[in-house]
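Student:
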Amino acid sequence: MKKWLVALLLALPSLAMAKDKLDTGDTAWMMMSTALVLLMTPAGLALFYAGMTRSKNVLNTYAMVFGAFVVAFVVWIVAGYSIAFGTASSSAVQNIMGGFSNVFLNGIKWTDLSGSYPTYVFVAFQGTFAAITVAIASGSVIERIKFSTWLVFVAIWGLVVYAPIAHMVWGGGILMKMGALDFAGGTVVHMNGGLAGLVLAVLVGKRAGYPRSAMKPATVLLTALGAALLWFGWYGFNAGSAFGANAIAGLALLTTTIATAAAAITWMLAEWFVYKKPTLLGIATGAVAGLVAITPAAGFVSVGGAFIIGIVGTLFAFWGVTVLKKKLGYDDSLDAFGVHFLAGLFGALATGLLAVKDSDLLWDGPLKESGDRMGQFMVQVESVVAIGLFTLVGTVVVYYIATALTGGSRVDEESEAMGLDESVHGESYMNN
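The sequence shown begins at 227 in my numbering and counts up one residue at a time.
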């Protein structure tokens, strides 16, 4: 028998094992994770933001988050998924985006698998990430941006900014090839959404009366409930990013819980020390900051690493909200930049320094290939710089396109004074 035939016969068992095979446990977990991440936006984030806004803008704030979710998810199915995870015609383009071969999910059958679960589930799972990312940015411009401008911005931004960044980090693009570590979206989601929020806040301008007038939250209870729902849904966000019911998902679940609890305590103590009073708003905000910080590292670090990232990442966010914002004078209404960008930035960089050197956990990169931790850290630095620049430029461009299409981005003075619940939606939170 010829040698090549013998080799082929010997290889057949391993080839059969390598072929994707549906696993019901993994499929069930990924479907549940998708539902958990979905809950994070139209329930968790919407309540978290709505409670912090003034009572005359509560419903508009909720509508901005809910509207962002549904528009962004539809855009994801139309072309976002294809740009993020499709295959481009040339290798140069493939470094930045995946092309348009899967527009409207063309070429993907319902029987296709992504590893051990259906590709359709992967599409839906990733779509919830795309939707929450742009929804995060809404917190920076509530109470003064036109609803029409916001929805147009969401649709274009999802294709022009989010999808290419997701491709570069997760879809086979240049940052993935470099070995950048981002387990569940510290750069793709939180840095991206937080920085987009700051850019919008600067371009749209400050709220009337800011910072002279007191702008008290409508109800901190809604914010606390939103934070709890975010924490609950975040298990799908982080543990679901293990893409199966496996030990890495278990690790991510534990590190997420540790970092979040430690972060909530840290913010509470910092607030107690600085302002002499621990607030429920502070505890809830600290928990979210911890969730953000651990996201890029959840499946890579040890218990000790989770404590460090939760504590230090939250201190960065606390500094951003209480010091940096006042010094620079920007009106980031609900601190999307301070909490999401700064905590996400720290988490992304800390991942390179604190990731466990375990080839079963790590993706390809300097730390896995050669144990080069400083090399891995430099890759992390390069990735956050690249994403920051891409988000900055892309958001500015999309803002001006959306503004041109809707005849201006800001509501008129009378509507802003009345409140956007009444002037835009004809509804009233206070009467409900």
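C-beta atoms are modelled at their ideal positions from N, C-alpha and C, and glycine is treated no differently.
Got a sec? Which residues, its chain only, sit under 7 Å from ASN283 by beta carbon, not counting five neighbours each side?
Tutor: So the qualifying residues of the chain are ILE368, GLU369, GLY645, LEU646, ASP647.
Student: If I measure Cβ to Cβ from ALA357 and keep anything under 6 Å in the same chain, skipping five residues before and after, which residues do I get?
Tutor: Counting only Cβ-Cβ distances below 6 Å, and skipping sequence neighbours, we find THR267, PHE295, ALA298, PHE299.
Student: Is the distance from the Cβ of ILE362 to the Cβ of HIS416 below 9 Å?
Tutor: Yes.
Student: Under 8 Å, with one C-beta from each stretch per pair, do the segment 592-612 and the segment 341-358 reach the 3-pair mark?
Tutor: These segments do not touch.
Student: Can you tell me where the alpha helix (DSSP H) with VAL360 in it begins and where it stops?
Tutor: Counting along the chain, the alpha helix (DSSP H) containing VAL360 begins and ends at 345-363.
Student: Taking 8 Å as the limit between beta carbons, can you name the residues of its chain near ALA244, skipping five residues before and five after?
Tutor: Here the model assigns ALA244 a pLDDT of 49, short of 50, so the residue's position is not dependable, and the following value carries that caveat. Correct list: empty, nothing qualifies.
Student: For ALA488, I'd like the list of residues in its chain whose CB is within less than 6 Å of its CB, leaving aside the five on either flank, ordered along the chain.
Tutor: For ALA488, where only same-chain residues beyond five positions count, the Cβ hits under 6 Å are PHE533, GLY536, ILE537.
Student: Going by C-alpha distance, which of GLY591, GLU642, VAL650 is nearest GLY405?
Tutor: Comparing Cα positions, the closest option is GLY591.
Student: Could you tell me whether the segment 466-482 touches the segment 509-527, where touching means 3 or more Cβ pairs closer than 8 Å?
Tutor: Result yes; three or more Cβ-Cβ pairs closer than 8 Å.
Student: Is DSSP giving ARG280 helix, strand or coil here?
Tutor: If DSSP states are grouped into helix, strand and coil, ARG280 belongs with coil.
Student: Here's the rule I'm using: 16 or more other beta-carbon atoms within 10 Å means buried, otherwise exposed. How should TRP493 be labelled?
Tutor: So TRP493 ends up on the buried side.
Student: According to the Cβ coordinates, are VAL263 and GLY459 closer than 9 Å?
Tutor: Yes, they are a contact pair.
Student: Cα separation between ALA453 and GLU639?
Tutor: Between ALA453 and GLU639, the C-alpha separation is close to 32 Å.
Student: Over the uninterrupted alpha helix (DSSP H) stretch that includes GLY614, give me the two end residues.
Tutor: Counting along the chain, the alpha helix (DSSP H) containing GLY614 begins and ends at 599-632.
Student: Taking just the CA atoms, how far does ILE382 sit from LEU285?
Tutor: C-alpha separation (whole angstroms): 24 Å.
Student: Is it the case that the Cβ atoms of ASN472 and ASP246 are separated by a distance below 9 Å?
Tutor: Cβ distance not < 9 Å, so ASN472 and ASP246 don't count as in contact.
Student: Under 8 Å, with one C-beta from each stretch per pair, do the segment 398-412 and the segment 598-612 reach the 3-pair mark?
Tutor: The answer is yes - the segment 598-612 touches the segment 398-412, with three or more Cβ pairs under 8 Å.
Student: Could you give the residue range of the alpha helix (DSSP H) that holds HIS393?
Tutor: From DSSP, the alpha helix (DSSP H) with HIS393 extends over 389-396.
Student: Here's the rule I'm using: 16 or more other beta-carbon atoms within 10 Å means buried, otherwise exposed. How should ASN332 be labelled?
Tutor: Exposed, because fewer than 16 other Cβ atoms sit within 10 Å of the Cβ of ASN332.
Student: For VAL518, which residues from the same chain have a beta carbon less than 6 Å from its beta carbon, with the 5 sequence-adjacent residues on both sides left out?
Tutor: The answer, listed in chain order, is HIS416, HIS566, ALA569, GLY570.
Student: In angstroms, rounded to a whole number, what distance separates the CA positions of VAL347 and ALA543?
Tutor: C-alpha separation (whole angstroms): 33 Å.
Student: In terms of residues, what are the limits of the alpha helix (DSSP H) holding PHE463?
Tutor: Counting along the chain, the alpha helix (DSSP H) containing PHE463 begins and ends at 446-464.
Student: Going along the chain, which unbroken runs of the alpha helix (DSSP H) with 4 or more residues stay wholly within the segment 239-321?
Tutor: Runs of the alpha helix (DSSP H) inside the segment 239-321: 250-265, 272-278, 284-301, 307-311, 317-320.
Student: Give me the Cβ distance between VAL387 and GLY620, rounded to the nearest whole Å; I'm assuming they're in contact under 8 Å.
Tutor: Indeed they touch by this definition, with Cβ atoms about 4 Å apart.
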